[in-house]
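Asks: Protein chains in written order, with my numbering: chain D, 1 to 361; chain C, 362 to 722; chain A, 723 to 1083; chain H, 1084 to 1444.
We put the beta carbon where it would ideally sit given N, CA and C, even for glycine.
Before I ask anything, let me first share the structure, which is written out below as structure tokens.
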């Protein structure tokens, strides 16, 4: 099944375009087959400047995604309107700006945490809970908006739920324990001071453990009569920052219904394929999970950039699936925190929405 | 109670003196109040050289512990005899050399893994299981040796058991889950190639998880009728190497009998004091566990060197004691892998043996 | 001018295919338009194994360049013959194996240092001294070989000479001072132990400074009557290892004839284009030098991978061109040590040889 | 010659006590034989808080230097007066606050750059230019202050001038080229973002090269008729930030009058002893320069903390003294940027002032 190609590329606005996640959006969208960046929006301080002036480009590849000369606008639906809006805003500004866009008719795909846990807002990972997108109808009615807000989860939750989803479907997830080793890019720029992280581990990331514990339950939940019933799975997270640039590593132990053997679990992970794969969405990885055989893999430096084109960095990686004397099965999990866990997540959500006919132009 | 001071410092031999753990022994013993280094022993390749030639000093402080001119001997009880022997040997050579010394009458304090799990060999951490030292009598009789071998656990196990011991005594440990973030110094020199660890996490350390799981049970076990009955606690470990120079961080979740509140657990950790503290052994930390209040602590770079003189690096650190939805209580744990977890561990064991009158001169 | 396309891709052998530079060769050649890997050769230890078994793949991208099932052969012209041979051998084995191949008729493109300074062996960087390739004729006659050896310089020398060449042509280089900050990947695998480099600088790389000083003079020299007359430029190098994965940064100060202004120097660097660009060789960067305007650039992490397809990592980067109170002009220089400075260098040399009709099939 | 011991420890105020250099001052002064901290002062935001609340302690050793309960005052001579003031202020606030203290009669030992190049302010390194302290008389008269300001140089300049001083005295320094590899702690906290420095080199530190070039000339200059005549030596600096926690490494090439052999240069460095050594000032290293024989030394991680008690981190390290084809002699230089180059520098200056009878109580 090939996805419907839009006649012409759909104009989009990127909110918070000057930050590091914003830059990831810009780079992803520079060559996107369906979307083209029409407006870059940022804080008042940057508005009116050329994008090339307004932000120091911190990624590899073509500087400023080729948009150095585009004028940065204010984060305001009248100044920078578009049917699709990607939000790389911090949670504070997102609380005001995202509803303004939704009210004005935009479909806002947000990486911010502001609305993730709202009862009428989808917390969407297309491989995991594509049907939660229908919550948009509830949201529109409840809030009387012509547009809507669709969120993607926190980077750590995204990576985790990608591995839990096939296990939840195949067996049922009862309990999850996860200890994370998170890249510094997850904290944005300037983010983590180098003095805190060179040759060091920081055993606390504010609010992160709570997000992982609650977001996971929401995403694994079911949409029933216009609301999400969270999954009953117990989740316990311990989050750590480590001196790694990109890629969150997660040590995961799970208790599954029926206590399947590690081989069965590995097979369920390896063979998983879901909606984005079936719909051949542009940013969908060929396989959502790559299962590694070597005991020393996956490793962030070697594996996290895996994938071609728009799907680069969009698969998650699993290795060392083995018996856990505590919960039943344990494994190493790895995913790209600023691609699969941020910019790429929002873009994939927008692709799903478009493929499902939910973008009105 | 002040420990008995030896009339004159007891001569000791360091086996494997040229490696990084060997160097830690040499540095620790340079100013030790009870022991003085009489012989440095290493492989045939180094024997006959001056210590200063035989090894590139890789630590701070006085190069070669002031013993640069001492001749390196072969690892042989006739070439380098002593009543007390510290072994920094690799497991392979340890299998032959340590018994040779024990047979010749030395008390061998070994950091090697070769004999740790032998039924008649103490796996000793003085704060945890000082009474296991009595296994030496069983060993001597069984093997017909005039000396004996006393081992200290793997670095990761040592740090873990230091936090479990007071909880086991106060409540009873039923289940333990630990995910580690281990320093590269734990792998010796040359050890971990820089290409494997710069901006990376390696999710596998050969044999480490098994050691943590079995050694912990042995150490928390009880000595009954000349043998150790391992503790019934279930232990599950996931071990990772991270770009940290010194200090193993461990994310620990425990199930304790009676499910005590985090505050009770914190109090049991904070107030713990044990045999080495009571006996005022020279390398004993004033408090075996330092409890941190700031949520971002402990951190290896800031905390692992804590302590004065011989006790430097000998305490372990606990932070963020809080409820775990999985097992009951979780916390961050940190200890110095090459001091508390290696050289300092053996030296403290020897101090205990001396204080208990088990060193015959 | 488009280069002549070979009718079918030319078979090549990679010597030392299991090491890290060997892997870079394999990855580069996997999709090369002119060459295809026919044989992978390595030490006796690996011969007979599948490539996938014989080496742990340490790069990103498709594991083993898609050649995991190819049998590894011995480094022997009868076992693994080819018209073009790429050598990633260490200098010791190269001394015997490379002449054996040249004698057997292969054109050997070598990254090893064994023959770089031999009077009849080209030390070739196509942008810098393409005409030195003619030394092959002298070599063949002198050694009575039907093949020949063509070397590329040490990684640090390569990056340096790329910046010096346009200045030498435009003005004449009289004196060069260079202090390097070199990536650990330059030392191969296992290479630099992590304990030596985490949060550290090592101020010595064995033999490196001498290579930079002599190789640079040979490459900037002129081919006259069958021999290279080295350039008279004085070169002084101070080489350091720093905790960087890929990319050598070099702090360069130069004295140029006529003492041109920094602006003239910058212009000469910025506008430089040379033989590989004119011949549109597949691995040639569009511009050999990228001149950066921001004072904090170039930086290895952000800039070193620049470029598309076969030209990725093949440009060098210059920033902060400014007056030097010592020698006249100083600037920051950056290049990819294992691409431009190793595997890519040899491949570009082979492309030049083919384009000049020097490959006999 | 033993220095005069003050009857009782002299009360001092630390300005900017909550920052990282401020914390270094506090730690250094906690056990100082001559000085005791009477007041800790910081910005209005912190004033009134306990020191333990006002700042997160970022160093090892006893948290907050044992002064966690001391109330932080405003940076104001009436709120926090003392005969000796140590200033860890940023340059901006220093411009107002330091003169206010000097006017009120304090002797201000400042690590800030605000007054370093003022004609009547000593830029003092006791080993290098102890006599420049006399400039204080000129300053007092010119400014009509009862106190005075004494500055120490930038961290990079300090380390450099420590090696140049004995060469200037023995031979005369004509030209100096220095390429630096600087630790991130030099940028304070939060300072360098981790995303800028993990596996990276940043080739620009704002204003640093100019400081090194001008401060060095002033310090090597001579005090004649109430003013400093700068040394005629030409200095060229290229400054880089590298992923190192503590310790600035400098690659130095020098042209000396008479072009002495490297052996003579090494001997002049090795045997150097100066005023602080003769006066046995508490923070003076036994030898100001440690000359290393191993080619791979000095290294920041292994060498920078060298020294005992107050002299820890106060020596600089030199290695690989050898001929330079460019300027004559080159060598590797290393020093502790936040001890010798910041807090320790100011404290040593105050010790000199006290020993010379310039502190009026």
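To the nearest angstrom, report how far apart residue 941(A) and residue 933(A) are at their CA atoms.
Replies: 12 angstroms
Asks: What is the rounded straight-line gap between the Cα of residue 726(C) and the Cα of residue 438(C)?
Replies: Absent from the model: residue 726(C). The displayed extent of chain C is 362 to 722, so no value can be given.
Asks: Would you say residue 730(A) reaches chain H, if we count a Cβ-Cβ gap shorter than 8 angstroms as a contact?
Replies: no
Asks: Taking 8 angstroms as the threshold (C-beta atoms), are residue 835(A) and residue 868(A) in contact?
Replies: no
Asks: Write down every uninterrupted run of the alpha helix (DSSP H) in the segment 258–300 of chain D whose length is 4 residues or greater and which is fully enclosed by it, in chain order.
Replies: 262–270 and 275–278
Asks: Could you spell out the range, first to last residue, of the beta strand (DSSP E) harbouring residue 471(C)?
Replies: 468–471
Asks: Going along the chain, which residues of its own chain have a beta-carbon closer than 6 angstroms to the beta-carbon of residue 172(D), five neighbours each way excluded?
Replies: 257
Asks: In three-state DSSP terms, what is residue 436(C)?
Replies: coil
Asks: Consider the C-beta atom of residue 807(A) and the heavy atoms of the ligand GTP; say whether any pair is separated by less than 7 angstroms.
Replies: The ligand content of the structure shown is nil, which means the ligand GTP is not present either.
Asks: Are the C-beta atoms of residue 685(C) and some chain D residue less than 8 angstroms apart?
Replies: Chain D, which has a Cβ nearer than 8 angstroms to the Cβ of residue 685(C), makes this yes.
Asks: Using a Cβ cut-off of 8 angstroms (strictly closer), state whether residue 1204(H) contacts chain C.
Replies: no
Asks: When DSSP labels each residue in this structure, what does residue 1307(H) get in the three-state scheme?
Replies: strand
Asks: Closer than 8 angstroms, CB to CB, is residue 199(D) near chain H or not?
Replies: yes
Asks: Could you spell out where the alpha helix (DSSP H) holding residue 97(D) opens and where it closes?
Replies: 91–103
Asks: Spatial neighbours of residue 503(C) within its chain, please: CB distance less than 6 angstroms, with the 5 preceding and 5 following residues excluded, ordered by chain position.
Replies: These residues qualify, in order along the chain: 481.
Asks: For residue 1321(H), which residues does DSSP report across the bridge?
Replies: 1262(H)
Asks: Let me check one thing: in DSSP terms, what residues is residue 685(C) bridge-paired to?
Replies: 689(C)
Asks: Quick one: what does DSSP say residue 126(D) is sitting in, helix, strand or coil?
Replies: helix
Asks: Look up residue 1098(H) in the DSSP assignment and give the residues it is bridged to.
Replies: 1124(H) and 1170(H)
Asks: Going along chain A in order, which residues have a C-beta closer than 7 angstroms to the C-beta of residue 552(C)?
Replies: The answer, in chain order, is 915, 916 and 917.
Asks: Residue 880(A) and residue 1062(A) look like a contact to me (Cβ under 8 angstroms); what is the Cβ gap, rounded to whole Å?
Replies: 6 angstroms
Asks: When you compare the segment 16–30 of chain D with the segment 188–208 of chain D, are there three or more beta-carbon pairs, one atom per stretch, that lie closer than 8 angstroms?
Replies: Yes, the segment 16–30 of chain D is in contact with the segment 188–208 of chain D.
Asks: Do residue 1199(H) and residue 1239(H) have their C-beta atoms closer together than 8 angstroms?
Replies: Judged by beta-carbon spacing, residue 1239(H) lies beyond the 8 angstroms limit of residue 1199(H), meaning their Cβ atoms are not closer than that value.
Asks: Could you tell me whether any Cβ in chain A is nearer than 8 angstroms to the Cβ of residue 1244(H)?
Replies: no
Asks: Strictly below 7 angstroms CB to CB, what residues from chain H border residue 899(A)?
Replies: For residue 899(A), the residues of chain H that pass the 7 angstroms Cβ criterion are 1260, 1336 and 1409, in the order they occur in the chain.
Asks: Does the count of Cβ pairs from the segment 1056–1072 of chain A and the segment 1025–1043 of chain A closer than 8 angstroms reach three?
Replies: They touch, by the three-pair rule.
Asks: Just checking: is the beta-carbon of residue 708(C) within a distance shorter than 8 angstroms of some beta-carbon in chain A?
Replies: no
Asks: Looking only at its chain, what residues have a beta carbon closer than 7 angstroms to the beta carbon of residue 205(D), apart from the 5 residues adjacent to it on each side?
Replies: 182, 239 and 241
Asks: Taking 8 angstroms as the threshold (beta carbon to beta carbon), is residue 666(C) in contact with chain H?
Replies: yes
Asks: Who are the neighbours of residue 243(D) on chain H, taking C-beta pairs under 7 angstroms?
Replies: 1281
Asks: Beta carbon of residue 614(C), beta carbon of residue 202(D): below 8 angstroms?
Replies: Result no, Cβ atoms of residue 614(C) and residue 202(D) do not sit closer than 8 angstroms.
Asks: At a Cβ threshold of 8 angstroms, is residue 731(C) touching chain H?
Replies: Only positions 362 to 722 of chain C appear in this structure, which leaves residue 731(C) out of reach.
Asks: Which residue wins for smallest C-alpha separation from residue 224(D), given the options 290(D), 255(D), 138(D) and 251(D)?
Replies: 138(D)
Asks: Quick check: the Cα distance between residue 1428(H) and residue 81(D), rounded to an integer number of angstroms?
Replies: 58 angstroms
Asks: Which residues bound the alpha helix (DSSP H) around residue 1455(H)?
Replies: There is simply no residue 1455(H) to check, as chain H begins at 1084 and stops at 1444 in what is shown.
Asks: Using the beta-carbon count (16 or more within 10 Å), is residue 362(C) buried or exposed?
Replies: Model confidence at residue 362(C) stands at a pLDDT of 47, short of 50, so the residue's coordinates are unreliable; what they give is reported in the following sentence. Exposed, since its Cβ has fewer than 16 Cβ neighbours within 10 Å.
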